[in-house]
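Engineer:
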Amino acid sequence: MIVRLFAVSILGWMLGFAWFAIFLPQPLDGRQTDAIVVLTGGAGRIDRGIALLEGGAAKRMLISGVDRSVRPVELAAQYQAPETLFACCITLGREAIDTRSNAIETARWLERRDYKTVRLITTDWHMRRAALELRQALPGRVAIVYDAVPSRPSLTMLAREYNKYLLRRAAALLGI
1 MIVRLFAVSI LGWMLGFAWF AIFLPQPLDG RQTDAIVVLT GGAGRIDRGI
51 ALLEGGAAKR MLISGVDRSV RPVELAAQYQ APETLFACCI TLGREAIDTR
101 SNAIETARWL ERRDYKTVRL ITTDWHMRRA ALELRQALPG RVAIVYDAVP
151 SRPSLTMLAR EYNKYLLRRA AALLGI
């Protein structure tokens, strides 16, 4: 009986992992939202957020998880964006150190501004867990749209992220 239960658990994990790896979230169109939130940590995330902001897809943008030593002028130069864009429309969030604290930082930022819609930008393999964390931190009245930056993750990275996702789902079910 224990062997069967173990086999069914492994089969469930494998089927879930196949779903997780094959159906990665995709980029979104340029639809309008009140704000954009970019989670640092992956290539193309900030580029995508700046391009959407410049294209008028939102009024403001939060870059969550920025190191305390980074200045807006440095980011503007690195991403070839006007400094005025950083001055008027981009907030650098410096409190987050992981995905869960990204969600908390984002929720506080959105609450202070009373935004109703937000576009979440992160890498495709990271989107499900980031979305789960953000949904838990935000009140139900805030609509989230998911805009994944495509990548080419390794099988190891996908497995690691899938396990983290499962652990966070289990923790959420327990109210943690």
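Going by the UniProt record's numbering, the first residue of the sequence shown is number 1, and it counts up by one from there. Here a beta-carbon is modelled for each residue, glycine too, at the ideal position from N, C-alpha and C. For clarity, every value in this text was computed on a predicted model and none was experimentally measured.
(1) Check whether the segment 84 to 91 and the segment 124 to 138 touch, using three or more Cβ-Cβ pairs below 8 Å as the test.
(2) Anyone know if the C-beta pair for I121 and R71 falls short of 9 Å?
(3) How close, in whole Å, do the beta carbons of V118 and V37 come, if the pair is a contact with beta carbons under 8 Å?
(4) What residue range is occupied by the uninterrupted beta strand (DSSP E) comprising P35?
(5) With a cut-off of 8 Å, do at least 3 Cβ pairs link the segment 47 to 60 to the segment 151 to 162?
(6) Between the segment 50 to 64 and the segment 26 to 34, do three or more beta carbon pairs fall short of 8 Å?
(7) Taking the alpha-carbon of A21 as reference, which of G175, P150, R168 and Q136 has the nearest alpha-carbon?
(8) For L28, tell me which candidate among I63, E83, D124 and I2 has the shortest Cα-Cα distance.
(9) Based on the DSSP output, what are the partners of R160 in its beta bridges?
(10) Any idea if W109 is buried or exposed, counting beta-carbon neighbours within 10 angstroms, 16 or more meaning buried?
Structural biologist: According to the data block:
(1) no
(2) no
(3) 6 Å
(4) Looking at the sequence itself, residue 35 is Ala, so the reference to Pro does not match. Segment A35 to L39, the beta strand (DSSP E) holding A35.
(5) no
(6) yes
(7) P150
(8) D124
(9) None, per the DSSP bridge assignment.
(10) buried
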